[in-house]
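Trainee:
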Ligand SMILES: *[C@@H]1O[C@H](CO)[C@@H](O)[C@H](O)[C@H]1NC(C)=O
């Protein structure tokens, strides 16, 4: 007859094996579940991979991103949320490499500077949302083209045009991508908003989105369409850098092109007031179209992005405002400019 201790030993052994096999099973189930999620996600975002190797590689990245996003969201101490959006099969480095393509000449530009017409502005509302004043066109999508700079140039130009003419006209990023061939502006390979404004000034205007539709690829400049000068600007000014106060005076008066470091969690931002992690290596051009104060008293910038409506808050991001660093959240106060009409 087995002694009591032998029985106890057998029971313990049985429990260990049971728990180990259930862990293996649950991990297997989790992987199956995740690979089904990957399939569903692929269908939802029209993803097609060239072969099984690529698919396996993308699945691994997807899995890591899903695990990261879910653990981030589970931590309740965060003021913003992430989501498994259309970029979920890309590593952060891949994402930054093809999408963020701001080619700024700052340094040089900062030294030159411009006049700043909002210098002495004192009438600054507590909150501004230029969408409510009809000065912001619907969210656009740059696609797999490093044309953020063109979208930012256009959004700021659409804004000042509406504020001075009363008409909201959607303008042509593709014209900038194809026709602005200044040495540092290379269409989908990146560009810079101030050069975009300079192009519009020198060209004598810019045409409409409808006339010169966006293709998300480098094309040959259509010179006939380039001659269509539907909207003009007189010039542009730089917001004095590293001053959220100067940026506030500007955004209180019109939508403003801003540069940010769109690294880290920016890729998966979905809602709330974003507060990093991010650095100040400016690599993405977006547009500040307002500012306000959140329910918990946190001040924020309201920023229009060009990654479609499934990213962020229907295509927008709220970024923490008035932070200790003079550069602002993700460097938002470092390199801002606006067109003048
Ligand atoms: C702001 O006020 C100062 C002092 O009165 C003046 O010299 C400057 O020209 C003003 N700036 C603008 C843009 O009006």
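In mature numbering (1 follows the signal peptide of the UniProt record, and there is no 0), the protein residues as written are -26 to -1, 1 to 315.
We put the CB at the ideal spot given by N, CA and C, even for glycine.
Do you know whose CA, among 117, 131, 194, lies nearest residue 314's CA?
Mentor: Ranking the options by Cα distance to residue 314, first place goes to 131.
Trainee: Thinking C-beta only, is residue 307 closer than 8 Å to residue 218?
Mentor: Their beta carbons are under 8 Å apart, which means residue 218 touches residue 307 by this criterion.
Trainee: In its own chain, which residues sit with a C-beta less than 7 Å from the C-beta of residue 175, not counting the 5 before and 5 after it?
Mentor: Around residue 175: 207, 209.
Trainee: Taking 7 Å as the line, does the beta carbon of residue 227 fall inside it for any heavy atom of ligand 1?
Mentor: Outside the cutoff, so no.
Trainee: Using a 10 Å radius around the Cβ and a threshold of 16 neighbouring Cβ atoms, would you call residue 135 buried or exposed?
Mentor: Result: buried.
Trainee: Am I right that residue 260 and residue 232 are in contact with their C-beta atoms under 8 Å? What's the rounded C-beta distance?
Mentor: Residue 260 to residue 232, Cβ: 6 Å. Contact.
Trainee: Checking the sheet assignment: what are the DSSP bridge partners for residue 292?
Mentor: Paired residue(s): 247, 276.
Trainee: Residues in its own chain within less than 7 Å of residue 305 by CB, not counting five upstream and five downstream?
Mentor: Counting only Cβ-Cβ distances below 7 Å, and skipping sequence neighbours, we find 233, 234, 235, 254, 256.
Trainee: Should residue 264 and residue 102 be called a contact, given that it needs their Cβ atoms to be closer than 8 Å?
Mentor: Their beta carbons are under 8 Å apart, which means residue 264 touches residue 102 by this criterion.
Trainee: Any idea if residue 17 is buried or exposed, counting beta-carbon neighbours within 10 angstroms, 16 or more meaning buried?
Mentor: Label assigned to residue 17: exposed.
Trainee: Rounded C-beta distance between residue 121 and residue 162? I'm assuming under 8 Å.
Mentor: Confirmed, Cβ separation roughly 6 Å.
Trainee: May I ask you to verify whether the region 193 to 200 touches the region 144 to 154, counting CB pairs closer than 8 Å and requiring at least 3?
Mentor: Enough Cβ pairs lie closer than 8 Å, so yes.
Trainee: Roughly how far, in whole angstroms, is the beta-carbon of residue 258 from the beta-carbon of residue 76, given that I think they are within contact range, below 8 Å?
Mentor: Going by Cβ atoms, the distance from residue 258 to residue 76 rounds to 6 Å, so yes, they are a contact pair.
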